[in-house]
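Q:
Numbering (full-length UniProt numbering), first residue to last: 1 to 145.
#1: Below 8 Å on the Cβ atoms is my contact criterion, and I expect residue 58 with residue 51 to pass it. Report the Cβ-Cβ distance as a whole number of Å.
#2: Judging by CA-CA distance, which residue of 118, 139, 92 and 67 is the nearest neighbour of residue 107?
#3: Measure the C-alpha to C-alpha separation of residue 64 and residue 98 and round it to an integer number of angstroms.
#4: Alpha carbon to alpha carbon, how far is residue 25 from residue 7? Give it in angstroms, no decimals.
#5: With C-beta atoms as the reference, is residue 83 less than 8 Å away from residue 72?
#6: Count the other C-beta atoms from every protein chain shown that fall within 10 angstroms of the C-beta of residue 146, then say buried if there are 16 or more, exposed otherwise.
#7: Could you please give the first and the last residue of the uninterrupted beta strand (DSSP E) stretch that includes residue 108?
What follows is the structure, given as structure tokens:
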């Protein structure tokens with residue numbers, strides 16, 4: 001496994017991995033978000049996890065205070081290898097260069113992600129509701145340890 005900054009050339013394969021993630025986890029929530037433009041809609045650094053030289057995971061940083069971890073996923077076939085933890089550590093390190101406050105949001109239906117964040121010490125700090133395409137979705141906010 002290798003972590004490095006995302007390159008534009010990674011985007012086609014990342015979109016394919018994101019589509020796999022969406023089918024399994026409904027992340028991102030809206031199918032229309034499974035595209036390169038969604039992956040690049042942030043103002044901070046982005047990182048990829050590579051296995052056998054291919055991008056299988058992604059995370060990005062957005063904002064300056066608080067700084068949000070966004071566009072975070074690991075393809076289903078690449079899970080269970082420590083990639084999520086490594087990507088998140090890299091993103092939090094980058095985020096802390098921008099702000100002491102590092103947060104993320106997770107949709108309430110994503111039980112596996114919620115369990116992961118809580119196991120590694122992220123603290124739930126709130127909840128909010130999103131309205132997308134005439135559908136209400138609840139999410140939880142977490143703060144980095």
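Quick reminder that beta carbons are idealized off the backbone N, C-alpha and C, glycines included.
A: On the basis of the supplied data:
#1: Counting from one through the chain shown, the residue named residue 58 turns up at place 58. Counting from one through the chain shown, the residue named residue 51 turns up at place 51. Rounded, the Cβ-Cβ distance is 13 Å, inconsistent with contact.
#2: Taking the first residue of the chain shown as 1, we reach residue 107 at position 107. Looking at the Cα atoms, 139 is the closest of the given residues.
#3: Stepping through the chain shown from its first residue, residue 64 is reached at position 64. Stepping through the chain shown from its first residue, residue 98 is reached at position 98. Looking at the two C-alpha atoms, the distance is approximately 5 Å.
#4: Taking the chain shown and counting its residues from 1, the one referred to as residue 7 is at position 7. Taking the chain shown and counting its residues from 1, the one referred to as residue 25 is at position 25. Using only the alpha carbons, I get a separation of about 25 Å.
#5: For the purposes of this step, residue 83 is identified with residue 83 of the chain shown, where counting begins at 1. For the purposes of this step, residue 72 is identified with residue 72 of the chain shown, where counting begins at 1. No, Cβ-Cβ distance for residue 83 and residue 72 is not below 8 Å.
#6: Given that the chain is displayed from residue 1 to residue 145, the structure contains no residue 146 and the question cannot be resolved.
#7: Within the chain shown, numbered from 1, the residue matching residue 108 stands at position 108. Residue 108 -> no beta strand (DSSP E), and no H or E assigned at all.
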